[in-house]
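The structure under discussion appears below in the form of structure tokens.
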Amino acid sequence: MCTLKRFDRTCEIISNKEICTNYFELKIKAGNIAKYCLPGQFFMIGIPGVFLRRPISVYDSKKNVLSFLYKVVGKGTAILSRMCSGQLQVLGPLGKGYDLEICKELNYVIVAGGTGIASLHFLAIKLGKNKAKKRTLYYGARSKKDLLCLDKFKEIGWKVVVSTEDGSKGYKGYITDILEEKVKDSDVLFACGPMPMLKKVVQIAKEKKIKGFVSLEEKMACGVGNCQGCAVNINKVIKMTCKDGPVFEIEEVEL
Ligand SMILES: Cc1cc2nc3c(=O)[nH]c(=O)nc-3n(C[C@H](O)[C@H](O)[C@H](O)COP(=O)(O)OP(=O)(O)OC[C@H]3O[C@@H](n4cnc5c(N)ncnc54)[C@H](O)[C@@H]3O)c2cc1C
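Residue numbering for the sequence shown follows this note's numbering, beginning at 9 and increasing consecutively.
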């Protein structure tokens, strides 16, 4: 049973491996932190030589080990990618995660774009234990090489449908191009990815009356609601992605 707890702790790096070009899986010794993490939550990771910590979602959490999956995009993640050992200051778990109670005995889908797959992977692991009728991952990326952890989803019994913008694997185009038709029998939808994808997902889910959740990835500096850098307009109310989200109910968002 998880209760909401937050830690600010120095953790040792176990491994930090490039799983494919520009994508890394980082594992840290997290002690008891690991058992308090819910899918959709994230950590603010302090990177040596970088002023602000960077938010990264929980990719997996078991046996005192926390895993993160990240893409190298700028200075912080580039420095992080060169750290094979040593220690990292991590603050978390932060934010509100996906509601798992909603999923019992239902057909559900996950829609992922880019590195949005990270938090959804942890969600799938947790959902894997529920008795669902159908579980499908719809996953879009730029190219075949950007499609991550497909085998992990298949191993835990998920049907996987992919799209790539360059057509190197699966449907050629955006995953949202094929979503409308495919999700019509689904009861619950979970999505994380770039904002244009989420906008379309929210529109489709609302039209089809599918309930669910989207996880937003706004830039944030503090991760705990103080800096207000990650403010978003949710149903005409200003909310903080870090504290009120990053997971929001589809019903309440207008992206
Ligand atoms: C909740 C959440 C979860 C995420 N999970 C993942 C994940 O699992 N995997 C993954 O690959 N990516 C994830 N991201 C995106 C990831 O945080 C960015 O890719 C990362 O921060 C980039 O850092 P960088 O230094 O490499 O890039 P840069 O583009 O060089 O750095 C980003 C810059 O923006 C600055 N900044 C941040 N917040 C603000 C702000 N509020 N106002 C002004 N400047 C700001 C930073 O300090 C930094 O200088 C997540 C983002 C969020 C919000």
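Note that CB positions come from ideal geometry on N, CA and C, so glycine has one too.
Please read these numbers as outputs of a predicted model, since none were measured by experiment.
Query	Result
Just the Cα atoms here: how many angstroms apart are Ile-98 and Gly-122?	As written in the sequence, residue 98 is Val, which differs from the Ile given in the question. Answer to the nearest angstrom: the Cα atoms are 23 Å apart.
Do Lys-227 and Glu-259 have their CB atoms nearer than 8 Å?	no
By a C-beta neighbour count over all protein chains shown, 10 Å radius and 16 as the cutoff for buried, is Asn-40 buried or exposed?	exposed
Just to confirm my understanding: we take Cys-92, look at its own chain, exclude 5 residues before and 5 after, and list those with CB closer than 6 Å. What are they?	Asn-24
Between the alpha carbons of Val-191 and Pro-56, how many angstroms are there, rounded?	44 Å
Rounded to whole angstroms, what is the Cα-Cα separation between Asn-115 and Glu-189?	15 Å
Let me check understanding here. Comparing Cα to Cα, which of Lys-71, Val-80, Lys-70 and Val-73 lies closest to Pro-63?	Val-80
Let me know if Val-245 comes out buried or exposed under the rule of 16 or more other beta-carbons within 10 Å of its beta-carbon.	exposed
Quick one: is the Cβ of Tyr-78 within less than 7 Å of any heavy atom of ligand 2?	What this structure holds is ligand 1, not ligand 2.
CB of Leu-60 to nearest heavy atom of ligand 1: below 7 Å?	yes
Would Tyr-106 and Phe-221 be called neighbours here (beta carbons separated by less than 8 Å)?	yes
Using three-state DSSP, classify Asn-24 as helix, strand or coil.	strand
Should Ser-194 be labelled buried (16 or more other beta-carbon atoms within 10 Å of its own) or exposed?	buried
With burial defined as no fewer than 16 other Cβ atoms inside 10 Å of the residue's Cβ, what is the status of Asp-154: buried or exposed?	buried
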